[in-house]
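In the UniProt record's numbering, the protein residues as written are 1 to 1098. Okay, so here's the structure we're looking at.
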């Protein structure tokens, strides 16, 4: 390491446009990743040419070194948005110049083979690598493949040499004869002048591969091509690895084209001009009136086209500069007209469905109608069938119930009623219907579709519609969405409204608990659900109820009353002051006799002497603003419903839009209805096992988890003495809703299994100093509804902030045989450190599992982390209040800062749920061009607004998205640019986002994950424990050393999985503390879409 001279001489660009100057610069300070070398050769690569031509903005010339090669990204600053997002090649602050010495990060350096001179290496490791990669990935077969290389200079020169080295025949392709001799001299086997049609025909079907180096010129020509056809540049946005240009046909048109110049996509295949282009799939079709004028314009643009016009039908096929096929025709099609209605019992989230259908449908060029008052509006028609526009659904996301109304409709159950409904649809030109309701409403819709042909025939025969109308509207498309608080539809994991209803129930039970504690009372609480016990069971888990009655799994004891009393009595003897029993309205015993709340009250009063009250929640369960999850579910399903309509054919079975394994799905509606009805049929014949199977996959599992953590001293669960474990429970990282619920479940399930649960106070800091206590059943009573961390938590990580030796000493001293860590990314790092230390410390050779608990939802290996749903509900509640303030102030935009670190999860999901105008997240670059685009969009929306009434608008910004564009800076820019049109304010939500009371979903997920964790420990220790028992030896310290025994307890769709830490490291961005890919990223474009991005023009 050189320390004598801390300066170096360089030729550097000091000022833009001036020649390089000789300067003396200081070397960077030494750090653990640094190395130093002397530079003797420095090549000019394509990157330098792009820089000199100012094609890459302010990017500077990269450096190459001696005996190692150094890429341009080596001079990145490691601090800007690009570097922090693992996009160092796009850094805006690189070190500039060409020098004789360089000091930097060794991770960007590659060794040069001894056989290669530095002169060759200077270009080889830039241009050479660029040409090598596509050829290497193209499966070239020696002596068989024929590679055509477009051009022979620069990168293609290397391409020719690599193709030859791979054993391919190489044909040089140029546009003239000028470089013919050079082509053969550098290694080509043949030469092809692509301007010679005869030469092209001779080589037809010979090439197996073509190497082409694309530039931005095609992209610029595409923009020129479309603007020449009458498109206007709507907006342009430059991101880290792509440029996006939006073009709109005219001010009153819905036709918008998005052109993307990206390094991550390949050019379209260009069909030959002598083949029939009408057989190619057209990317887009335009309606034209004057074919001759269009052809004249295409000739002027030197754009090839084929005219397949015949019998008055114009069909001109054009290839744009990006090889997209365009059809120009005089054939016009009617705009698709779609009606949306809500029916049956109202459910929170129905308004979000209508909003999504209306706005997404409009962006797809459809006319959207709302049917007011459910099927009654379909029968009555008239003013109850209203065409909707963008403004019609403003503010609907936060409104519960259904703003277009729902009603029981006896006339629709008759053929005459359905005939009238069909007539109203045809008269209004509607041939597609999206229905959001329960199984009865959806069954009626499918019957309507099946009768449609007969209804149309009868309407025509009675002259209520014309023959033209009958022919035009001979097919009715139906799409169903399940809006039901009961969550009683088969073939979907969850229905719209169920989660919000669960919120209302849990809020009520939590509130009742305080008065029950005060008076030492028992409460019997009746919840809705008909033949479905989902609400009752989930509420029982989420509130820690003492007993639950559901119709799918009635108590199997003949004297179930005594069994219930014994459970309640044991809890009372332990010192519990309150008793809560939850009963579904359709609850029965095993002989199908109804179990009513009043009967349960009498049993508890007469047999146990408890002061018992009955609370029937009734329709409060349907009320209130939708929870976050229902807003998200309804929005994404509404969008899918529109797509289903547009993709449907007359033979497509009526689809039901559902959710399975955390993905929006389509399932045949009547098949789902049939399975739903089978539940009631199974219950009626006492086939309760089948009834449980027909519910969603998690239902039976969660029922078992509830019983295993509620019924104390369940000896049927207890393990043999030699298989019982001492399990430590540690909280690490920031507090998150659900931490305490997970701990409660783990403790109680441990006790029923015979294990010893040990609480570790204050995270790994407490573990290192031996702050541990054995847990009891009542110690964790009431923890389900408690937020934060009752054990205490911090961000200290063993091996970094805490001595690993002390941690392992305490583990061995206290005979810890498994560790359950509950926490966020710090916990993930902790598990990695613990696994790495296994070779040195035998006491770490035990199973270790992480239950992800962080509001940022950035732990790899799981779809959801505990606390994220609680946080999103807290954000949504706050944003609703902020939107109300913005709306009251008429013309105000709030920039709301949310947490999330380097993950945009909270901003994206909350943005979709509150109708944000846009979001700024670390996964996307933020710059002045982006801000200008957003300002223009806001101006366009405020121009469109009624001056006396405006929608409240907010923008969400992740806290770590940029050090430069802070929340205040963005707000100031908006305020300045908005002038008198709008102003801006900020709101930093801060730690309120951690929530107070965990949401029901976080409580349920915590229960499920904790139970699986204990089973995971048992699985990985049973072999060692049984072996020791068989050999009558002492229990070993080392119970397992396989990599699979250190894992994350993750939710993957509807299944709990345990991916090993060692596997997850491969897909983890440790620098940015998050997985490299995110399932929720697909929701990001929807925010812009539903905010009118591209639809409104200033």
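In this text, a Cβ means the ideal position worked out from N, Cα and C, and glycines have one as well. Small disclaimer: the values here were computed from a predicted structure and weren't measured.
Helix, strand or coil for residue i per DSSP?
i, result
"residue 594", "strand"
"residue 360", "helix"
"residue 797", "coil"
"residue 486", "coil"
"residue 259", "strand"
"residue 1037", "coil"
"residue 982", "coil"
"residue 1079", "helix"
"residue 1065", "helix"
"residue 57", "Low per-residue confidence applies at residue 57: pLDDT is 46, beneath 50, and the placement is therefore not dependable, though the value from the model is reported in the following sentence. Three-state DSSP puts residue 57 in coil, outside helix and strand."
"residue 615", "strand"
"residue 1090", "helix"
"residue 576", "coil"
"residue 917", "coil"
"residue 209", "strand"
"residue 778", "helix"
What are the start and end residues of the beta strand (DSSP E) that includes residue i?
i, result
"residue 675", "Premise fails: residue 675 lies in the alpha helix (DSSP H), 669-684, not in any beta strand (DSSP E)."
"residue 564", "Looking at the DSSP string, residue 564 is not in any beta strand (DSSP E); the run it does join, the alpha helix (DSSP H), is 560-573."
"residue 286", "284-287"
"residue 385", "385-387"
"residue 69", "68-70"
"residue 897", "892-898"
"residue 306", "305-307"
"residue 182", "That residue, residue 182, is in no beta strand (DSSP E); its alpha helix (DSSP H) goes 180-185."
Tell me which residue opens and which closes the alpha helix (DSSP H) that residue i is part of.
i, result
"residue 699", "698-708"
"residue 1026", "1000-1030"
"residue 879", "868-888"
"residue 1169", "No answer is possible for residue 1169: the residues shown for the chain start at 1 and end at 1098."
"residue 764", "763-768"
"residue 934", "928-944"
"residue 295", "291-300"
"residue 172", "No alpha helix (DSSP H) holds residue 172; the beta strand (DSSP E) holding it covers 169-174."
"residue 416", "415-427"
"residue 508", "498-519"
"residue 690", "688-693"
"residue 471", "467-472"
"residue 378", "374-380"
"residue 543", "534-543"
Using a beta-carbon distance below 9 angstroms, is residue i in contact with chain B?
i, result
"residue 897", "Structure shown: chain B not included; a single protein chain is present."
Taking its Cβ as the centre, do 16 or more other Cβ atoms sit within 10 Å of residue i, making it buried, or is it exposed?
i, result
"residue 515", "exposed"
"residue 1032", "exposed"
"residue 114", "exposed"
"residue 704", "exposed"
"residue 901", "buried"
"residue 1128", "No answer is possible for residue 1128: it lies beyond the span of the chain, which begins at 1 and ends at 1098."
"residue 903", "buried"
"residue 943", "exposed"
"residue 1093", "buried"
"residue 1020", "buried"
"residue 1085", "exposed"
Which residues does DSSP pair with residue i in a beta bridge?
i, result
"residue 648", "Answer is none; residue 648 lacks a bridge partner."
"residue 599", "Beta-bridge pairing links residue 599 to no other residue."
"residue 731", "822"
"residue 342", "436"
"residue 1050", "1057"
"residue 26", "7"
"residue 958", "898"
"residue 988", "897"
"residue 949", "946"
message: What ranges does the beta strand (DSSP E) occupy inside the stretch 101-157, keeping only unbroken runs of at least 3 residues that lie completely in it?
response: 101-105, 109-111 and 146-150
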